[in-house]
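One structure is given here, and the rest of the page talks about it.
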Amino acid sequence: QQPVQSPQAVILREGEDAVINCSSSKALYSVHWYRQKHGEAPVFLMILLKGGEQKGHEKISASFNEKKQQSSLYLTASQLSYSGTYFCGTANTNAGKSTFGDGTTLTVKP
Amino acid sequence: GAVVSQHPSWVICKSGTSVKIECRSLDFQATTMFWYRQFPKQSLMLMATSNEGSKATYEQGVEKDKFLINHASLTLSTLTVTSAHPEDSSFYICSAPQIGTVDVAYGYTFGSGTRLTVV
Numbered sequence: 003q004q005p006v007q008s009p010q011a012v013i014l015r016e017g018e019d020a021v022i023n024c025s026s027s028k029a030l031y032s033v034h035w036y037r038q039k040h041g042e043a044p045v046f047l048m049i050l051l052k053g054g055e056q057k058g059h060e061k062i063s064a065s066f067n068e069k070k071q072q073s074s075l076y077l078t079a080s081q082l083s084y085s086g087t088y089f090c091g092t093a094n095t096n097a098g099k100s101t102f103g104d105g106t107t108l109t110v111k112p
Numbered sequence: 025g026a027v028v029s030q031h032p033s034w035v036i037c038k039s040g041t042s043v044k045i046e047c048r049s050l051d052f053q054a055t056t057m058f059w060y061r062q063f064p065k066q067s068l069m070l071m072a073t074s075n076e077g078s079k080a081t082y083e084q085g086v087e088k089d090k091f092l093i094n095h096a097s098l099t100l101s102t103l104t105v106t107s108a109h110p111e112d113s114s115f116y117i118c119s120a121p122q123i124g125t126v127d128v129a130y131g132y133t134f135g136s137g138t139r140l141t142v143v
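First to last, the sequence lines map onto chains Z and X. Heads up, the first sequence is in this note's numbering, so the first residue is 3 and it goes up one at a time. Heads up, the second sequence is in this note's numbering, so the first residue is 25 and it goes up one at a time.
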């Protein structure tokens, strides 16, 4: 079943923060996040496994709340390069296919 | 890091012809490859899962005879759109688990995508 992402779109000024949420109605094994620029393939950002992981790289971090079956992606002090569509992908088991949310379009303006 | 090379990047073909899209894992062995289709401003929709040495698994609603998938080796998976029609125009993307196994715990590497336009 497809995870639900919110918000659908967000517009920021450079330096502002954003949070993108991803929730599922089923128990999750893993959540992974991708960013896709227009006309390009998605680029892997990070993956979180069940057990309540939190991860980060530079100013992008994410958390996974296994009990609530949801994950949040945090973008801190956003840069122009952060603009794009962010997808979460969820897997119910460790074996294979994931289902992707509809995406959140992030626009960072100068 | 893991790289999946996808070709061609774009293709324009006439209605009724067939188009082959290739995905190669360059520095790892991909026993599994996932094929997605993405329409403008929409999410990635999984079409099928190809497995080296066995038949592909198709998602519900995806025509097996129209979208032929072959996983010829541990580094090559192909998707052939047969008798293409304008409604098949889309962005097709492949991806493979990053360490070459089916375990999603390590994330996926995506190919660069193929934009198919059927005229």
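Beta carbons are placed, not taken as given, at the ideal position from N, Cα and C, and that holds for glycine. Remember, predicted model here, so these are calculated numbers, not experimental data.
Contact check, residue i vs residue j, beta carbons under 9 Å
i: Z/A79; j: Z/K61; result: yes
i: X/L140; j: X/C37; result: yes
i: X/A80; j: X/I93; result: yes
i: Z/Y84; j: Z/Y36; result: no
i: Z/H34; j: X/G131; result: yes
i: X/G137; j: X/F115; result: yes
i: X/Q53; j: X/L98; result: yes
i: Z/K52; j: X/T73; result: no
i: Z/S73; j: Z/L47; result: no
i: X/S49; j: X/T133; result: yes
i: Z/L77; j: Z/V21; result: yes
i: Z/T92; j: Z/I13; result: no
i: X/M71; j: X/S119; result: no
Contact with chain X by residue i, beta-carbon distance below 9 Å
i: Z/E42; result: yes
i: Z/V45; result: yes
i: Z/F66; result: no
i: Z/T99; result: Sequence inspection shows Lys at residue 99 of chain Z; the Thr mentioned does not correspond to that position. Output row for Z/K99: interface = yes.
i: Z/I22; result: no
i: Z/H34; result: yes
i: Z/Q4; result: yes
i: Z/G91; result: yes
7 Å Cβ cut-off: residues of chain Z touching residue i
i: X/L103; result: The contacting residues do not exist; X/L103 stays about 14 Å from chain Z at best.
Beta-carbon neighbours of residue i, restricted to chain X and to distances below 8 Å
i: Z/E104; result: As written in the sequence, residue 104 of chain Z is Asp, which differs from the Glu given in the question. Within chain X, the residues near Z/D104 are Q66, S67.
Chain Z within 9 Å of residue i, Cβ atoms only
i: X/S39; result: no
i: X/F52; result: no
i: X/F134; result: yes
i: X/R139; result: yes
i: X/F63; result: no
i: X/V43; result: no
i: X/F91; result: no
Proximal residues of chain Z, C-beta to C-beta of residue i below 9 Å
i: X/L70; result: K99, S100, T101, F102
Contacts that residue i makes with chain Z (C-beta to C-beta distance below 8 Å)
i: X/I117; result: A43, P44
(request) Flag this pair as touching only if the stretch 7 to 25 of chain Z and the stretch 98 to 105 of chain Z have three or more C-beta atom pairs under 8 Å; answer yes or no. (result) The stretch 7 to 25 of chain Z and the stretch 98 to 105 of chain Z touch, with no fewer than 3 CB-CB distances between them shorter than 8 Å.
(message) Short of 7 Å Cβ to Cβ, which residues in the stretch 72 to 87 of chain X face chain Z?
(response) Flagged, chain order: T73.
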